[in-house]
Amino acid sequence: MAGRTLATRFLAGALCMAAWTPYLPLTVQYLVYGAVGFCAVALGWQRSNWRATARHPLFVLALAWWTWLLLSATWSSADAAARLAHGWTYSLMLWVPWVGMAAAPEDGQRALRHFVVASCLVAVLWLVDATGFTAGWPWRPIADITGNQRIAMSLMLALACALALDLALRTVDRRPRLAWAAAALLCLSGLMHQDRRTGLVAAPVLALLVLVAHQRGWRRRVATTAGVLLAAALAWQLSPLVQQRFDEGLSEVRAYRSEGDVRTSWGMRLRMVEVTSRMALERPLAGHGLGSWAGEWRRRVTGSELLQGHTTPHNEYLLLAFQGGLVAWALLLALCGRAVLGAVRHHGHGVPALLVLVAFAWCGLTNVALRDAKFALPLLTMAGMAWAAARASSAPPSSKMPS
1 MAGRTLATRF LAGALCMAAW TPYLPLTVQY LVYGAVGFCA VALGWQRSNW RATARHPLFV
61 LALAWWTWLL LSATWSSADA AARLAHGWTY SLMLWVPWVG MAAAPEDGQR ALRHFVVASC
121 LVAVLWLVDA TGFTAGWPWR PIADITGNQR IAMSLMLALA CALALDLALR TVDRRPRLAW
181 AAAALLCLSG LMHQDRRTGL VAAPVLALLV LVAHQRGWRR RVATTAGVLL AAALAWQLSP
241 LVQQRFDEGL SEVRAYRSEG DVRTSWGMRL RMVEVTSRMA LERPLAGHGL GSWAGEWRRR
301 VTGSELLQGH TTPHNEYLLL AFQGGLVAWA LLLALCGRAV LGAVRHHGHG VPALLVLVAF
361 AWCGLTNVAL RDAKFALPLL TMAGMAWAAA RASSAPPSSK MPS
């Protein structure tokens, strides 16, 4: 830390604090994410390189995407509160390029290691809860959390498992390598003892990405892929809880009918896919406008209050197509493509950034990963750390970021 400014040291500490927040209440996540973002902008201004960030393709594309969604609010049928809420949550993405440019690469890497340690503690709490030891407790840390935040924790634990695996493969010394490998196994064990499918499916995908990234030659990559698939199948056979969760989902899908009321989790998701797809095709280019999904959904579905009470279609891609049309889709696709290209260009240092991007993409299939702050805040926090860490092979932090 010698020779670093107070703002630089503050950002480094805030990043490490942020690494622990994905498993904490949403208010804490907001406060720390805001502190990291404001400090990153202040550093950019202090170094007089804020113009470089403002002109960077990642920021330009993110700003264009957000601006289009704000513009769509002019033809939205939603009330002002709904439009404001959507616009605010989507704006959180704009902080990531600033954090990625302002934070030193070593600070980003240190924050990622802190996140893995925090995830190990969460895994231990889930494992202890699975034994029934805490069954009579009036308050059980982590285990008592429900809803979308519990799903987000499942995904973050899968991400931590992959990051720990990446650290193990990149570490030369034997003892640290074994420690990171043990951390990956601990996170995986905790993940398999929780009751959400999102992280369970994401874990082998993210692990496969890490292992393939560390292989050279197509034969070794094919063999690695086969090994991961075999390990996933074996884990399936050895975990009755995992089988139970997926059997439950499959039975709900088989029982679904397009007509009439529906009350099961996956049945409602399928109904939302059907109805939202039809609504999106009504205005395919520009969409129905920011924040308008909930109102249009309630006008077009009948059934239980539970079905009509949904505020999102539980799919980021459908929500984006409905609200912003093909224009919003094209801008987000360009942004993601540019981010993937930048991560790939940084080779091994870009693997954590790729992992976060894949986690985002997977989460968006079954949840609104950018609209719901319970998913957006932890994933965007990780994105800032990962982009900073990717610059480890680049020039000084004041001049470069993944591009």
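Counted from 1, the sequence shown has number 200 at position 200 by this note's numbering; the numbering is strictly sequential. We put the beta carbon where it would ideally sit given N, CA and C, even for glycine. In this text the structure is predicted, and so the values were computed from the model without any measurement.
Per the coordinates, the alpha-carbon of residue 200 lies some 12 Å from the alpha-carbon of residue 160. Across the structure, residue 334 and residue 61 are spaced so that their CA atoms are roughly 7 Å apart. One Cα belongs to residue 317, the other to residue 276, and the distance between them is close to 11 Å. Short of 6 Å from the beta carbon of residue 382, and not among the five residues preceding or following it, lie these beta carbons of its own chain, in chain order: 356. With respect to residue 168, residue 180 sits close: the two C-beta atoms are nearer than 8 Å. For residue 44, the uninterrupted alpha helix (DSSP H) run begins and ends at 26 to 46, by DSSP.
Residues of the same chain with a CB within less than 6 Å of the CB of residue 256, apart from the 5 flanking positions on each side, are 267, 270 in chain order.
Between the C-alpha atoms of residue 343 and residue 151 there is a straight-line separation of about 26 Å. Taking a contact to require three or more Cβ pairs closer than 8 Å, the stretch 312 to 326 and the stretch 284 to 302 qualify as touching.
The three-state secondary structure of residue 137, taken from DSSP, is coil.
For the pair residue 367 and residue 148, the CB atoms are nearer than the 8 Å cut-off. The stretch 75 to 87 makes no contact with the stretch 132 to 142: fewer than 3 CB pairs, one atom from each, lie closer than 8 Å. The C-alpha of residue 31 lies about 9 Å from the C-alpha of residue 18. Taking C-beta atoms as the reference points, residue 53 and residue 97 count as a pair closer than 8 Å. Rounded to the nearest whole angstrom, the CA to CA distance from residue 86 to residue 111 is 29 Å.
Only residues of its own chain outside the window of five on either side were considered, and among them 150, 151, 154 have a CB closer than 7 Å to the CB of residue 196, listed in chain order. Taking C-alpha positions only, residue 254 is separated from residue 292 by approximately 30 Å. CA-CA distance, residue 215 to residue 146, rounds to 38 Å. For residue 70, the closest alpha carbon among the candidates 211, 55, 91, 59 is that of 91. In the structure shown, residue 349 adopts helical secondary structure according to DSSP, grouped into three states. Counting other Cβ atoms within 10 Å of its Cβ, residue 182 stays below 16 and is therefore classed as exposed.
Going by C-alpha positions, residue 330 is about 22 Å away from residue 274. Secondary structure in the stretch 142 to 195: the alpha helix (DSSP H) runs of 4 residues or longer, each lying completely within the stretch, are 147 to 170, 174 to 192 in chain order. Shortest Cα-Cα distance from residue 77 to any of 119, 299, 118 involves 299.
Ranked by how close their Cα comes to the Cα of residue 390, the residues 371, 190, 354 have 354 in first place.
Between residue 158 and residue 203, the C-beta gap is smaller than 8 Å, which places the two residues in contact. Contact between residue 187 and residue 207 fails: their C-beta atoms lie close to 11 Å from each other, not under 8 Å.
With respect to the 8 Å criterion, residue 125 and residue 142 are classified as neighbours on the basis of their beta carbons.
Excluding its 5 nearest sequence neighbours in each direction, residue 340 has C-beta neighbours in its own chain below 8 Å: 354, 357, listed in chain order. Here residue 173 is exposed. Its C-beta has fewer than 16 other C-beta atoms within 10 Å.
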